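Q:
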Amino acid sequence: MGFGLKWLGWIRACISTVRFLVLVNVSLAGFFGTSRGLRQGDPLSPLLFLLMMEILSKMLQQAEGCGFIRGFKVNGTRSEEVCVSHLLYADDTMLMCDADPEQLMYIRLVLSCFEATTGLRVNLAKSEMVPIGDVGNLAILADIQCYRIVQFPMNYLGMPLGSSFKALSIWNPIIEKMERRLAGWQRLYLSKGGHFTLLKSTLSSLPTYYLSLFTIPVSVAKRLEKFQQNFLWGGSGEDSKHSLVRWDTVCSPIERGGLGIRLLGRINKALLSIMMGWDQFHKHLRFTVSRGDRVRLWHDCWCGDMALKDIFTNLFECASHKDAFMNEVLSWHNGKAPLREVEDGPWWHLRKNGRFDIRSFYEVLRDAPLVVFPRKSIWHTKAPRWVRFFIWSAAWNKILTCDNLSKRGYTLVSWCCMCRCNGETVDHLLIHCSVARALYMELDFGGFWDSLGVTPFCF
Numbered sequence: 005m006g007f008g009l010k011w012l013g014w015i016r017a018c019i020s021t022v023r024f025l026v027l028v029n030v031s032l033a034g035f036f037g038t039s040r041g042l043r044q045g046d047p048l049s050p051l052l053f054l055l056m057m058e059i060l061s062k063m064l065q066q067a068e069g070c071g072f073i074r075g076f077k078v079n080g081t082r083s084e085e086v087c088v089s090h091l092l093y094a095d096d097t098m099l100m101c102d103a104d105p106e107q108l109m110y111i112r113l114v115l116s117c118f119e120a121t122t123g124l125r126v127n128l129a130k131s132e133m134v135p136i137g138d139v140g141n142l143a144i145l146a147d148i149q150c151y152r153i154v155q156f157p158m159n160y161l162g163m164p165l166g167s168s169f170k171a172l173s174i175w176n177p178i179i180e181k182m183e184r185r186l187a188g189w190q191r192l193y194l195s196k197g198g199h200f201t202l203l204k205s206t207l208s209s210l211p212t213y214y215l216s217l218f219t220i221p222v223s224v225a226k227r228l229e230k231f232q233q234n235f236l237w238g239g240s241g242e243d244s245k246h247s248l249v250r251w252d253t254v255c256s257p258i259e260r261g262g263l264g265i266r267l268l269g270r271i272n273k274a275l276l277s278i279m280m281g282w283d284q285f286h287k288h289l290r291f292t293v294s295r296g297d298r299v300r301l302w303h304d305c306w307c308g309d310m311a312l313k314d315i316f317t318n319l320f321e322c323a324s325h326k327d328a329f330m331n332e333v334l335s336w337h338n339g340k341a342p343l344r345e346v347e348d349g350p351w352w353h354l355r356k357n358g359r360f361d362i363r364s365f366y367e368v369l370r371d372a373p374l375v376v377f378p379r380k381s382i383w384h385t386k387a388p389r390w391v392r393f394f395i396w397s398a399a400w401n402k403i404l405t406c407d408n409l410s411k412r413g414y415t416l417v418s419w420c421c422m423c424r425c426n427g428e429t430v431d432h433l434l435i436h437c438s439v440a441r442a443l444y445m446e447l448d449f450g451g452f453w454d455s456l457g458v459t460p461f462c463f
């Protein structure tokens, strides 16, 4: 690969001088050296492993180029076929070939050479052979590699392969994982701020991987969101407590008075936008033209907010080459194209830097009306999270005062328990109550509250 002798000496020292000290029955045992493998915990370990796997990839590519193995072909850009014989992800390797004993023998030979060269070993206990379609000589093929046979559906890198993407059962691992998390958290004494923190940082992100692969069924989305809603307001699992604020409001952006929790249906659509919602996604793409070999003249937005086919409809109908690329129709000065190193590229116009992110596309899909909300006065303070959460609930007039309890069907005396003079509402309890105002005066907040003159918590 062109590395110098000095660099090779560093790597050899990192591998050959490793000594281990292990804990056996509460006592230290060692030191002892390693016969093979990489130093655990060293920052170079992942890089060294990737270098080793690059060798395996090159060996498989060479075997494929010589015709010893054949992968499967997929269509690439401009109808160019791409042959895929292997996929590597971290320490997982997927090999693909025909159901031919001779090809399996070549793969085994490549793996044997790789083991002898690098010192790494294939873990046969974790290796599996998966037939696709009807394979008559499956037992013979499995004996060649000494792999166990596994049928579809199966899990690979956390993804259910071979399952119907519409099946509800593929979401069972996500539901079970969320239920386990909730069961563990119920034993903790958490404030509303703690519930909100765990919901936003952990619970709402659990289904993200599946949401980027599959369309979530409506029933599953409602059930998962019900888990989240109940946990936010102190419930457990599907046992709910009073939801003081509507879930749609909770899932609104913080700038619009919500908590920034993402609705599963909309984030699912945003994550699948390139694969399933290209028309909606393509509306927000702009293209920068350099060499012109990747931007289409009529269909791409390269000179404004609309494609030329939508601006000049009649001219587009008369065009002889409707799918022409820019470099095919450009006329260069003196017949010479300028030398440009920069390639054509897309520009995401919803961000100033032009880079696509899920958040900006999710906000476009939401398309909610603008709400004036004092978010900075609530969230940009040094108050504890549970205090800010309480003030946020009060700003929506949703704390459990007597008037709100009456709306929920409770029968009780509607008066303020502190001053016993007026009905208990959010405005009265937090602003106009004489006891509350006396407390504010003691805390030197009197001038502030007298200067309000209007109710700050009513929308």
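Going by this note's numbering, the sequence shown opens with residue 5, and the numbers climb by one from there. We put the beta carbon where it would ideally sit given N, CA and C, even for glycine. As the structure is a computational prediction, the values presented were derived from the model and not from experiment.
State whether the stretch 131–140 contacts the stretch 60–73, with contact taken as three or more CB pairs (one from each stretch) at a distance under 8 Å.
A: no
Q: Quick test of your reading: VAL299 and ASP252, contact by CB under 8 Å. State the CB separation rounded to the nearest angstrom.
A: Contact between VAL299 and ASP252 fails: their C-beta atoms lie close to 40 Å from each other, not under 8 Å.
Q: In whole angstroms, give me the CA-to-CA distance for SER31 and ILE19.
A: 26 Å
Q: State the DSSP-derived secondary structure class of ALA225, mapped to helix, strand or coil.
A: helix
Q: Please list, in chain order, all residues of the same chain as ARG185 whose beta carbon is under 8 Å from its beta carbon, the five residues on each side excluded.
A: THR206, LEU207 and LEU210
Q: Residues in its own chain within less than 6 Å of LEU443 by CB, not counting five upstream and five downstream?
A: none
Q: Nearest by alpha-carbon distance to PHE36: which of LYS245, VAL139, VAL22 and VAL333 is it?
A: Nearest of LYS245, VAL139, VAL22 and VAL333 to PHE36, Cα basis: VAL22.
Q: Less than 8 Å between the CB of GLY197 and some heavy atom of the ligand GTP, yes or no?
A: Only the bare structure without any ligand can be found here, which leaves the ligand GTP out of the picture.
Q: For PRO105, report the span of its alpha helix (DSSP H) as first-last.
A: 105–122
Q: Where do the N-terminal and C-terminal ends of the alpha helix (DSSP H) with GLY177 fall, by residue?
A: Residue identity differs from the one stated: residue 177 is Pro in this sequence, not Gly. DSSP places PRO177 inside the alpha helix (DSSP H), whose first and last residues are 176–189.
Q: On the DSSP letters alone, give me the boundaries of the beta strand (DSSP E) that ARG23 sits inside.
A: Start and end: 23–28.
Q: Please say whether GLY13 and LEU25 have beta carbons closer to each other than 9 Å?
A: No, they are not a contact pair.
Q: Determine the extent of the alpha helix (DSSP H) in which LYS196 is found, giving its start and end residues.
A: Note, LYS196: alpha helix (DSSP H), 196–205.
Q: Taking DSSP as the reference, what is the three-state secondary structure of TRP453?
A: Residue placement at TRP453 is poorly supported in this model, since its pLDDT is 47, which falls under 50; the coordinates still yield a value, given next. Residue state, collapsed to three classes: helix.
Q: Taking DSSP's pairing of strands, which residues face ASP304 in a bridge?
A: Note: ASP304 sits in no beta bridge, so no partner.
Q: Can you tell which of GLY6, PHE285 and TRP11 has its C-alpha closest to the C-alpha of TRP352?
A: PHE285
Q: By a C-beta neighbour count over all protein chains shown, 10 Å radius and 16 as the cutoff for buried, is LEU447 buried or exposed?
A: Answer is exposed; the Cβ neighbour count stays below 16.
Q: Roughly how many whole angstroms lie between the Cα atoms of GLY121 and TYR151?
A: Correcting the residue type first, residue 121 is Thr in the shown sequence and not Gly. If you take the alpha carbons of THR121 and TYR151, they lie about 22 Å apart.
Q: Starting from ALA33, trace the beta strand (DSSP E) both ways and give me its first and last residue.
A: 31–37
Q: Does DSSP put LEU98 in a helix, a strand or coil?
A: In the sequence on display, residue 98 carries Met and not Leu. DSSP places MET98 in strand when its eight states are reduced to three.
Q: Rounded to whole angstroms, what's the CA-CA distance from PHE365 to ILE265? Just pull it up for me.
A: 15 Å
Q: Any idea what DSSP makes of CYS462, helix, strand or coil?
A: At CYS462 the pLDDT is 39, less than 50, meaning the model places this residue with poor confidence and gives no usable figure here.
Q: Count the other CB atoms, across all protein chains shown, that sit within 10 Å of the CB of ARG392; report buried if there are 16 or more and exposed otherwise.
A: buried
Q: Rank TRP237, GLU183 and PRO177 by C-alpha distance to the C-alpha of HIS199 and give the top, closest one.
A: TRP237
Q: Pick out the complete alpha helix (DSSP H) segments inside the stretch 386–448, 4 residues or longer, and give them in chain order.
A: Counting only runs of 4 or more, we get 389–399, 406–411 and 438–446.
Q: Output the distance between the C-alpha atoms of LEU60 and CYS117, rounded to the nearest integer angstrom.
A: 9 Å
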